[in-house]
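Per the working numbering, the very first residue in the sequence shown carries number 13; after that it's consecutive.
Heads up, the beta-carbon is just placed ideally off N, CA and C, and yes, glycines get one too.
This structure is a prediction, so every number in the text was calculated from the model and none was measured.
Quick notes on the structure that follows.
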Amino acid sequence: MRDMFPLSVKGAQTSRRGKTLVGPVDLELEGTGTCVVVGPNGAGKTTLLRLLHGAARLNSGTIEWACPTEEAHHEQVFVFQRPVMLRRSVEENLIYPLRMRGMSKSDARAKAQDWAKRVGLQDMLRRPAPVLSGGEQQKLALARALIVQPKLVFLDEPCASLDGRAMREIEEVLQEARASGTRLIMSTHDMGQARRLADSVVFMFKGRVHEHSPAQKFFSSPDTPQASAFLRGDIVE
13 MRDMFPLSVK GAQTSRRGKT LVGPVDLELE GTGTCVVVGP NGAGKTTLLR LLHGAARLNS
73 GTIEWACPTE EAHHEQVFVF QRPVMLRRSV EENLIYPLRM RGMSKSDARA KAQDWAKRVG
133 LQDMLRRPAP VLSGGEQQKL ALARALIVQP KLVFLDEPCA SLDGRAMREI EEVLQEARAS
193 GTRLIMSTHD MGQARRLADS VVFMFKGRVH EHSPAQKFFS SPDTPQASAF LRGDIVE
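Structure representation (structure tokens):
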């Protein structure tokens, strides 16, 4: 498997019913650390992630990985804001992606139990996933994504509507994944979380990338008045 990065985006645009949702976007992303996508509601954060992942139609422009697109897609996963749970147990939810990749049932079960322990779900292995709390479902979704050891994980508002404890637990898992070399690209509306996790920041406004810079620079001296207003908590129009 060749390196996926850099990811080069040139003039990328996605539309629906004649309305441009995101774009044109020019962006260059390297293969390490955590990139956090921020911006006001409706700025296009989720759509940008879906576009990069290949889940939104590319109507114009190019999105080029450093390897063939099919290989890149095989090495990445997407964690949604509202996790989709299989109507199976926690353990079976974790086993499923491993079996889909050809792992034996016994090896997959052992790995599932290990990952359940990592995210604090070891006492819930037999519990049906759909009855878990929101925080527990998000931890399961994250474990189910990371269990296949992807090179890249997209996360759309992974801690939306969670309490502080659940958010801290999920952030710890994300930090461990980053430390192990997994590339993370995530959106968030929580500036505290962005400051804690980001190595770089993409600021979206009206469907366009207005800034892309190292996190320290973005938070201390943003380049655009829209980003400055956003960081102050002002309404950005």
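Exposure of Gln228 is indicated by the presence of fewer than 16 other C-beta atoms within 10 angstroms of its C-beta. Taking the Cα of Ile197 as reference, the smallest distance to any Cα among Pro237, Thr26, Val49 is reached at Val49. In the three-state reduction of the DSSP assignment, Thr200 falls in the coil class. In this structure, Ser27 sits near Asn71, with a CB-CB distance shorter than 9 Å. Within its own chain, the residues whose Cβ lies closer than 6 Å to the Cβ of Ala84, once the five positions on either side in sequence are excluded, are Met16, Trp77, listed in chain order. With 16 or more neighbouring CB atoms inside 10 Å of its own CB, Gly219 falls in the buried class. One alpha carbon belongs to Leu39, the other to Ile107, and they sit about 36 Å apart.
For the alpha helix (DSSP H) assignment, the uninterrupted runs of no fewer than 4 residues enclosed by the region 137-180 are, from N- to C-terminal side, 146-158. It is roughly 12 Å from the alpha-carbon of Asp135 to the alpha-carbon of Asp126. Shown here, Val102 sits in a helix according to DSSP, grouped into three states. Rounded to whole angstroms, Asp168 and Thr58 show a C-alpha spacing of 6 Å.
Per DSSP, Arg130 is one residue of the alpha helix (DSSP H) stretching across 117-130.
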